Structures are given as structure tokens and as C-alpha cells.
Amino acid sequence: MKILQYALLACLLVSILGDDDDEENEGAAGSDDAGATPTALSKPAATSAEGNTAAKNSGGDIKQPKQELPEPSSKGQKKPRLPKRCLFKPEQGNCAGSRFLPRWWYNPETESCEPFTYPVCNKKNEAFVSCTLCMNMCMRNKRGREKAKWIRKVCRKSPKVKSG
């Protein structure tokens, strides 16, 4: 009986702490969105945890992020911006006893999607369910047949999934 009580208490504490983190992140993300500029691909560490939670929703509904229009760079050339979902970075968590799901994230340094394991206790939904979906949404430097060939090449590999 005590084990059940401890398990319920642990679940309650995790949900309270998770809700507090969500409220803090949503408040910070709301203030950052007004003057947000695209993150340069050469600086992936500039993405913060607040930016990663901006696309979060409640109730388990999956919403597709809107495709953002290209914004001119300093040289006058148009450089396409990545959707927020493509800026997601897998983070280390401490979800003790949690199940882990295989998911994909876009790595702008390699310009490809990479697998990782995703703890079920996280409420974020920015990670991609499949490599193909990830590559189709985030890869901007190739078009048409070249893009399809690259997606098949990257997604056909079966790399080791790293823990996130």
C-alpha cells in the first residue's frame, strides 16, 4: 500500500513541477516572439529552451506549424527560415522509469535529421515521428528529385538511436 502511495505522490510532484515549468516557458516565449529573428544555422546553440516550447499545445492535439516565408539576409539574398519545429534540440531529462520513444530531430549543422529517444514524460511535441517527415519539412537546400534522393539516402540509414 505504501508503494502505491509513494507512486501517486511522485506522479503528483512531477505534474506540479511540469506545469510550473510550462507556465514559465510560455511566459518567456510569449515575450520573445514579438521581435524574433531567425537563428543562424551556424549558431545552433543560440536556440533556448523557451524557444523550443513556443510551439507547445495542450490536450494532446497535434498542430502543424505554419510554413514561414523567406526573410532577406544581409547580402540581399533570400534565405528560407526554418519552422520552429525544425529548431528543436533534444535535451537531457530526468524522467525516471519513463518509457522512451524513437523520434527524429533536424540538425542544421549536418543538414539532416538524426534519431534520438524521447521520454514520454516530456510534454513537448516538436520532435518528428519519422525521418521522412522531418527531412521534408526542414531541408531547404535541395528541391525536386535531388531532395527525394537525399531523403531516401539519409532515412535509409539505420543509425544507433542516442538517448535524449
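Residues -18 to -1, 1 to 146 in mature numbering (1 follows the signal peptide of the UniProt record, and there is no 0) are what the sequence shown lists, from first letter to last.
Using N, Cα and C, we set each Cβ at its ideal position, and we do this for glycine too.
A quick note: this is a predicted structure, and the numbers were derived from the prediction, not measured.
Practice task
Using the Cα positions of Ile(-16) and Trp132, report the straight-line distance between them to the nearest angstrom.
Solution key: Those two C-alpha atoms are separated by around 51 Å.
Practice task
Starting from the C-beta of Arg138, find all residues in its chain whose C-beta is less than 7 Å away, skip the five residues before and the five after it, and write them out in chain order.
Solution key: For Arg138, where only same-chain residues beyond five positions count, there are no Cβ hits under 7 Å.
Exercise for the section: Tell me Phe110's beta-bridge partners as DSSP assigns them. Expected result: In the DSSP output, where bridge partners are listed per residue, Phe110 has Trp86.
Exercise for the section: Please report the residue range of the alpha helix (DSSP H) in which residue 161 lies. Expected result: Absent from the model: residue 161. The displayed extent of the chain is -18 to 146, so no value can be given.
Problem - Nonlocal neighbours in the same chain, by C-beta distance under 6 Å from Lys124, ignoring five residues either side - result: If we look at Lys124 and ignore the five residues flanking it on each side, its Cβ neighbours are Trp132.
Problem - Spatial neighbours of Met(-18) in its chain, beta-carbon cut-off 7 Å, leaving aside the 5 residues before and after - result: Same-chain partners within the cutoff: there are none.
Problem - 7 Å Cβ shell around Ser112 - same chain, five flanking residues per side excluded - result: Excluding residues within five positions, the ones whose Cβ falls inside 7 Å are Trp86.
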